[in-house]
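See structure below.
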Amino acid sequence: MQREAQSEASDRQDTRETRDVVVVGGGASGLMAARAAAKRGLNVALLERTAQVGGNLRTHRDGDWQIELGPNTLMMKPPLHALLEELGLLDEAQPANPDARRRYIAYRGMPVALPSHWLKAPINSLIGPRGMGALLCEPFRRRAPQAEESLADFVTRRLGRRALNHLVDPFVSGVYAGDPARLSAQAAMPRLVALEREYGSLVRGGLVRLRQARRATPALPREWRGQLVSFPTGLQRLAERLAEDIAAQPDASIHCECEVSGVYREGEYWRVETASGQDFRARELVLAVPAPTAAGLLAPLDPQVAAPLEAIAYPPVNAVSLGFRRSDIAHPLDGFGMLIPGVEHRQTLGALFSSTLYPGRAPSDHVLLTAFLGGRRQPEAAVSDDDAQVAQVVADLRDLLGISGEPVWQSVSRWPQAIPQYELGHLERIAALDEALERHAGLSLLGNWRDGIAVGDCLENGRRLGERIAETLGGD
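In this note's numbering, each residue carries its 1-based index in the sequence shown increased by 2.
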């Protein structure tokens with residue numbers, strides 16, 4: 003028995019890989035953390051559960067149809083511009099159609115474009131004289147106490163119920179698939195809250211920031227300012243290029259189809275076991291995975307680390323992609339898409355005009371729409387089978403867009419745990435998590451469940467963490 007135990011321990015030692023850093027999760031956050039650490043000379047292993055890296059950066063091609071299973075665009079900001087330059091992707095980056103600046107919102111059964119200039123706001127049915135009056139009165143409203151507010155309460159207090167119902171509610175559906183009555187204003191929209199705290203008014207603060215931006219040296223070349231971007235082969239191209247750059251580093255590797263089954267502390271090292279029997283040791287462990295996944299891995303180690311993660315809600319969202327003959331849709335589809343407020347009483351949260359955004363998404367004389375069902379307020383809307391999902395979207399959009407025919411192509415992408423919700427108490431949960439993590443040197447957690455849900459936020463947060471780890475371990 004003793005010989006067998008020694009042999010088993012020896013076999014495990016032979017299959018164990020010792021690294022400076024192990025990153026679990028190959029989404030945007032994990033890829034950037036691994037890349038930043040590897041570029042500074044650290045020995046890095048990236049472990050990804052699925053067959054390919056990218057997380058929700060996934061593109062699917064079916065003949066002449068091309069869809070994004072997750073995010074559809076990236077906002078060009080200085081960190082993203084710098085990254086694309088480093089990766090040699092700037093020449094491939096594809097700005098969105100200028101029509102994408104137009105945004106529609108469903109209002110009383112009609113798609114209404116947001117006003118292109120504030121002078122047009124009073125005659126725009128989404129805002130109107132009442133909404134404009136609330137906007138003009140906003141600078142004279144008192145600041146709120148420092149207590150946390152829901153986003154719904156914050157917007158109603160500053161801008162009125164009309165702005166909440168017809169502007170902020172659909173925006174929240176489009177970004178979070180969330181409920182503004184549950185979302186924390188401080189966590190979900192911190193820049194908005196900061197305007198009130200610093201200037202006493204959203205309008206006054208917005209005008210000051212606008213003047214400051216005009217006086218500042220532009221951080222981006224003119225052609226990229228305010229641009230939404232993708233790539234001809236879709237956003238998955240960015241994930242693939244990041245993976246290529248990681249693999250090109252002399253002491254870095256990527257392991258796909260490598261599901262982590264347990265993490266343990268052994269002296270100065272973290273040990274990571276995989277379902278296939280691989281064994282990794284590292285001085286620094288990064289869990290760049292959804293909050294529920296991180297909670298499951300860490301609960302046996304420390305319930306106080308797992309508890310705040312378990313409290314983060316992840317509602318289901320389905321992306322329903324529909325192809326139509328162009329002649330079967332009366333609406334010009336001359337915009338980014340259309341959001342549908344809750345007061346319209348439809349299940350579909352909104353639809354992107356995907357073939358308008360970028361060329362090459364649909365065959366000639368056809369159009370591609372990408373609609374969304376589910377979310378925090380209507381999770382049950384994401385439960386039915388694919389045919390029912392398609393039928394629901396077509397029923398919700400038929401009168402709004404003037405659809406006269408049936409889809410000629412369809413695809414349903416399901417995300418059972420789609421978008422983390424920054425709900426009331428979120429910042430307290432993150433603070434409790436960070437306090438608990440202080441007991442576990444060398445363990446870092448990363449993902450879109452904290453510090454911003456946008457892909458750009460995840461990329462930048464991953465880069466910063468990878469660089470901090472390199473400084474801690476003495477990388478180049």
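We put the beta carbon where it would ideally sit given N, CA and C, even for glycine.
Excluding the 5 residues flanking I314 on each side, which residues of the same chain have their C-beta closer than 6 Å to its C-beta? A293, P422 and W451.
Rounding to the nearest angstrom, what Cα-Cα distance links I129 and L209 in this structure? One Cα belongs to I129, the other to L209, and the distance between them is close to 19 Å.
Where Y178 sits in the DSSP three-state scheme: Assignment of Y178 by DSSP, reduced to helix, strand and coil, places it in the coil class.
Test item: CB-CB of L475 and R283 under 8 Å: It is not a contact, given that the beta carbons lie outside the stated cut-off.
Using three-state DSSP, classify R110 as helix, strand or coil. The answer is coil: DSSP assigns R110 none of H, G, I, E or B.
Can you tell me whether D64 is buried or exposed, with buried defined as 16 or more other CB within 10 angstroms of its CB? Exposed: under 16 other Cβ atoms inside 10 Å.
Are the region 55-63 and the region 268-275 touching by the rule of at least three beta carbon pairs closer than 8 Å? No: the two stretches stay apart, fewer than three of their Cβ pairs being nearer than 8 Å.
Per DSSP, L354 forms a beta bridge with which residues? In DSSP, L354 forms a bridge with G339 and T372.
Does the Cβ-Cβ distance between E140 and V195 come in under 8 Å? Taking 8 Å as the Cβ cut-off, E140 and V195 do not qualify as a contacting pair.
Name the residue from T20, K122 and G458 whose alpha carbon lies nearest to the alpha carbon of A241. Closest by C-alpha distance to A241, out of T20, K122 and G458, is G458.
Among L289, E246 and L426, which residue has its Cα nearest to the Cα of V262? Of the candidates L289, E246 and L426, the one whose C-alpha sits nearest the C-alpha of V262 is L289.
How long is the line joining the alpha carbons of R416 and V319, rounded to whole angstroms? The straight-line gap from Cα to Cα measures roughly 6 Å.
Once you ignore the five residues that flank V46 on each side, which residues in its own chain have a CB closer than 8 Å to its CB? Excluding sequence positions up to five before and after V46, its CB lies within less than 8 Å of the CB of R21, D22, V23, V24, V25, A36, A39, A40, I248, Q251, D253, A254 and S255, all in the same chain and listed in chain order.
Rounded separation between V414 and E19 - CA only: In a straight line, the C-alpha of V414 is about 40 Å away from that of E19.
By Cβ distance, which residues of its chain are closer than 7 Å to A301, with the 5 residues on each side in sequence left out? A308.
Exposure label - Q214; buried when at least 16 CB within 10 Å: Q214 is exposed by the Cβ-count criterion.
Going straight from the alpha carbon of R465 to that of M34, what length do you get? If I take the Cα positions, the gap works out to 5 Å.
Check for me: the alpha helix (DSSP H) holding A397 runs from which residue to which? Its alpha helix (DSSP H) spans residues D388 to L403.
Would a C-beta distance cut-off of 8 Å place Q412 and S357 closer than the cut-off? Between Q412 and S357, the C-beta spacing is not below 8 Å.
Counting C-beta neighbours from all protein chains within 10 Å, is the total for M78 16 or more, i.e. buried, or is it exposed? For M78, the number of other beta carbons within 10 angstroms of its own is at least 16, and it is reported as buried.
Closest Cβ-Cβ distance between A472 and chain D: below 8 Å? Absent here is chain D; the protein component of the structure consists of one chain.
Starting from the Cα of V392, find the closest Cα among H428, A373 and L92 and give me that residue. With distances taken between Cα atoms, V392 lies closest to A373.
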